[in-house]
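Below is one structure; the comments refer to it alone.
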């Protein structure tokens, strides 16, 4: 296993390190019994170089000879060293081309050399992968997250990519990936995948989420349109991008407004707080903002995407060089691995203060448990008077209300540091989310917001508030007090103009 399981040797089986198909069926039965949906990672861009298809492609066996992207050497250098066809770089560094001595050609790998790219210009490959998707749907899965989809196609003429930033910290970022990323044909293939899902959605929708990092304006194309839908939603990483540097009310306002303003009519929004490729939310945003960020994401229109541990404010762990498993970190070497490794955000979920934080009874886990697990875990937070997980549970309850499910969104910035938005639907209680990104306490007047009465009731509040603060407390909307990095959710009866009937 070279890339945490993304180097797939068999698309129709479970890798032994993770278990068996019987284990999978047991998992599926258990989650469905609890009313939980089971969504799989689907990796369409590449396979492992140990996959049967690739082994047969090396030997030019029919029909597998062109299942992957092969190209002749550009020439031969000193000591007959083959020269790659062009300057394309791997996401993980180095050339995107690897020489295969048996076939006497290069093959393309946009990721690791052990992950050869599939050739979607060959219609047989598309049919194979559609069949893989159908296989797992037949096993009872409820949909897929499609990984790295923007890499599915490359320029047929293998043209060199232009240098855009010679000073970039990694080789991949130095080039403008005009010929290897987000080519128009990508959407055609994704549309074919969506058709497979829709054919299996007679009794319940089978969901399709896509992963691709690109500007919002381009990403919207991944929704497709009414007659040719593609993703139910392309994963929205705007909140992650907004927190990579100095996070402010303005950066979050811009992230939310840009997405909503570009959203196609009838399309469904989503909000990713964190994932396995970026530092944990508590590390990026700061531990004080954990509750506030969950408030923002969970009560916006659409679907929030929570990475495990964000419910309790888990932080990045300190993973030593000797403990490092992530290929991106290993390739960077012992001096620079921390700059590239994604292992710190991938450590086990912290359930309790027991062995391995309750995640496993094994002598050693794949990655070490964060050393703070004895005090930061689910069990301890459930036993506390007020905690991150209790805030999170209240937010999920609010998501069942009419205003959050179907209400409008009105978002503003107050006093430079305060983000505020309302969710209102006429005839139902409304909600207002108020977050202070400044380190000091501020008092704001929210009475000028649309449909806002003079008073509201406290629905939930961040753990940064004093213990004397309570839910259901009535407060004046003209003087809402927010501690530094604090968040507050209020509920209110919206003011709508009363219809005047003329006699």
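Residue numbers (our numbering): 25 to 527. Glycine included, every Cβ here is placed at the ideal spot set by N, Cα and C.
Drop a sphere of 10 angstroms on the beta-carbon of residue i, count the other beta-carbons inside from all chains shown, and report buried for 16 or more, exposed for fewer.
{"i": "residue 334", "result": "buried"}
{"i": "residue 466", "result": "buried"}
{"i": "residue 348", "result": "buried"}
{"i": "residue 200", "result": "exposed"}
{"i": "residue 226", "result": "exposed"}
{"i": "residue 230", "result": "buried"}
{"i": "residue 51", "result": "exposed"}
{"i": "residue 105", "result": "exposed"}
{"i": "residue 359", "result": "exposed"}
{"i": "residue 487", "result": "buried"}
{"i": "residue 500", "result": "exposed"}
{"i": "residue 155", "result": "exposed"}
{"i": "residue 139", "result": "buried"}
{"i": "residue 456", "result": "buried"}
{"i": "residue 513", "result": "buried"}
{"i": "residue 186", "result": "exposed"}
{"i": "residue 49", "result": "exposed"}
{"i": "residue 102", "result": "exposed"}
Just grab the DSSP bridge partners of residue i for me.
{"i": "residue 248", "result": "253"}
{"i": "residue 412", "result": "Per DSSP, none; premise fails for residue 412."}
{"i": "residue 290", "result": "Per DSSP, none; premise fails for residue 290."}
{"i": "residue 129", "result": "124"}
{"i": "residue 95", "result": "130"}
{"i": "residue 77", "result": "In the DSSP output, where bridge partners are listed per residue, residue 77 has none listed."}
{"i": "residue 488", "result": "DSSP output for residue 488 lists no bridge partner at all."}
{"i": "residue 285", "result": "Residue 285 is not bridged to any residue."}
{"i": "residue 100", "result": "106"}
{"i": "residue 454", "result": "516"}
{"i": "residue 476", "result": "None; residue 476 has no bridge partner."}
{"i": "residue 327", "result": "294"}
{"i": "residue 56", "result": "Beta-bridge pairing links residue 56 to no other residue."}
{"i": "residue 501", "result": "Looking at the DSSP assignment, residue 501 forms no beta bridge with any residue, so it has no partner."}
Beta strand (DSSP E) containing residue i: first to last residue?
{"i": "residue 121", "result": "121-124"}
{"i": "residue 481", "result": "479-485"}
{"i": "residue 16", "result": "This structure cannot speak to residue 16, because the chain is shown only from 25 to 527."}
{"i": "residue 66", "result": "63-66"}
{"i": "residue 383", "result": "Unbroken run through residue 383: none, as it is neither H nor E."}
{"i": "residue 512", "result": "511-516"}
{"i": "residue 443", "result": "442-448"}
{"i": "residue 353", "result": "Here residue 353 belongs to no beta strand (DSSP E); instead the alpha helix (DSSP H) covers 351-356."}
{"i": "residue 264", "result": "Segment 262-266 is the alpha helix (DSSP H) holding residue 264; no beta strand (DSSP E) there."}
Apart from the five residues on each side of it in sequence, which residues of its chain come closer than 7 Å, Cβ to Cβ, to residue i?
{"i": "residue 213", "result": "144, 150, 176"}
{"i": "residue 296", "result": "259, 260, 261, 263, 264, 329"}
{"i": "residue 113", "result": "119, 120, 195, 196, 199"}
{"i": "residue 406", "result": "413"}
{"i": "residue 44", "result": "38"}
{"i": "residue 280", "result": "324, 435"}
{"i": "residue 495", "result": "482, 483, 484"}
{"i": "residue 530", "result": "Nothing can be reported for residue 530, as the shown portion of the chain is limited to 25 through 527."}
Can you tell me which of the options puts its alpha carbon nearest to the alpha carbon of residue i?
{"i": "residue 452", "options": "258, 229, 429", "result": "429"}
{"i": "residue 475", "options": "517, 274, 96", "result": "517"}
{"i": "residue 411", "options": "357, 299, 315, 380", "result": "315"}
{"i": "residue 395", "options": "409, 371, 407", "result": "371"}
{"i": "residue 235", "options": "255, 241, 187", "result": "255"}
{"i": "residue 257", "options": "244, 321, 251", "result": "244"}
{"i": "residue 164", "options": "293, 54, 271", "result": "54"}
{"i": "residue 290", "options": "373, 251, 228, 131", "result": "251"}
{"i": "residue 64", "options": "161, 97, 154, 137", "result": "161"}
{"i": "residue 192", "options": "58, 117, 288", "result": "117"}
{"i": "residue 181", "options": "171, 203, 166, 168", "result": "203"}
{"i": "residue 327", "options": "66, 458, 419, 455", "result": "419"}
{"i": "residue 472", "options": "434, 505, 497", "result": "434"}
{"i": "residue 277", "options": "437, 88, 507", "result": "437"}
{"i": "residue 69", "options": "132, 309, 502", "result": "132"}
{"i": "residue 90", "options": "218, 62, 146, 401", "result": "146"}
{"i": "residue 441", "options": "417, 461, 454, 425", "result": "461"}
Who are the Cβ neighbours of residue i in its own chain at under 6 Å, not counting the five residues just before and after it?
{"i": "residue 369", "result": "303, 304, 340"}
{"i": "residue 450", "result": "520"}
{"i": "residue 299", "result": "331"}
{"i": "residue 97", "result": "106, 107"}
For the alpha helix (DSSP H) containing residue i, name the first residue and the last one.
{"i": "residue 147", "result": "147-162"}
{"i": "residue 307", "result": "305-309"}
{"i": "residue 393", "result": "Where residue 393 is concerned, there is no enclosing alpha helix (DSSP H), given that its DSSP letter is neither H nor E."}
{"i": "residue 218", "result": "209-223"}
{"i": "residue 240", "result": "240-243"}
{"i": "residue 429", "result": "426-430"}
{"i": "residue 259", "result": "First-last for residue 259: undefined, no H or E at that position."}
{"i": "residue 173", "result": "Taken as a continuous stretch (DSSP letters only), residue 173 belongs to no alpha helix (DSSP H), as it is neither H nor E."}
Consider the C-beta atom of residue i and the heavy atoms of the ligand SAM; say whether any pair is separated by less than 7 Å.
{"i": "residue 371", "result": "As far as ligands go, the structure on display features none, and thus does not contain the ligand SAM."}
Kindly list the residues whose CB is nearer than 8 Å to the CB of residue i, restricted to its own chain and excluding five residues on each side of it in sequence; keep chain order.
{"i": "residue 288", "result": "244, 247, 249"}
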